[in-house]
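Report on the structure given below.
Numbering (the working numbering), first residue to last: 290 to 402.
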């Protein structure tokens, strides 16, 4: 299983990433650990906006790449309507299925630290 996630930073920017363990990755970003992303080290992560799960790392990397290239308004729309991810990117996703994981939030992962 692999996950694609979008976090919102304090400057209102959105960061998109992939992980096998979302909780570990959120702690790396939030606490600015050495293994965290350069982007989130310079911007405090404020919230976990969306998570999708898929069966393969390659599929996760593919979706991450497409989402990263969207304009901010398109990313906001995708957050509001996460079920449209396959419709939005169509055949580019090569038949991979992406399941939204609503109800996850940053605090639930930080409480384990």
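Ideal Cβ placement from N, Cα and C applies to all residues, glycine included.
Computed from a predicted structure; not experimentally measured.
Cα-Cα separation between residue i and residue j, rounded to whole angstroms
i, j, result
"residue 351", "residue 377", "13 Å"
"residue 386", "residue 313", "24 Å"
"residue 395", "residue 335", "8 Å"
"residue 345", "residue 290", "6 Å"
"residue 296", "residue 359", "15 Å"
"residue 331", "residue 380", "35 Å"
"residue 369", "residue 303", "14 Å"
"residue 384", "residue 309", "20 Å"
Proximity of residue i and residue j at Cβ, strictly below 9 Å
i, j, result
"residue 292", "residue 311", "yes"
"residue 342", "residue 298", "no"
"residue 319", "residue 393", "no"
"residue 305", "residue 353", "yes"
"residue 307", "residue 362", "no"
"residue 397", "residue 371", "no"
Beta-bridge partners of residue i, as assigned by DSSP
i, result
"residue 342", "292, 388"
"residue 331", "Answer by DSSP bridge pairing: none, since residue 331 is not bridged."
"residue 307", "293"
"residue 336", "297"
Beta-carbon contacts of residue i that lie in its chain and below 7 Å, excluding the five residues immediately before and after
i, result
"residue 337", "294, 296, 315, 393, 394, 395"
"residue 355", "378, 381"
Own chain, CB closer than 8 Å to residue i, minus 5 neighbours either side, in chain order
i, result
"residue 322", "316"
"residue 300", "332"
Residue i Cβ short of 8 Å to the ligand FMN heavy atom set
i, result
"residue 385", "Inclusion of the ligand FMN in the displayed structure is not the case, the ligand content being empty and no account of it being possible."
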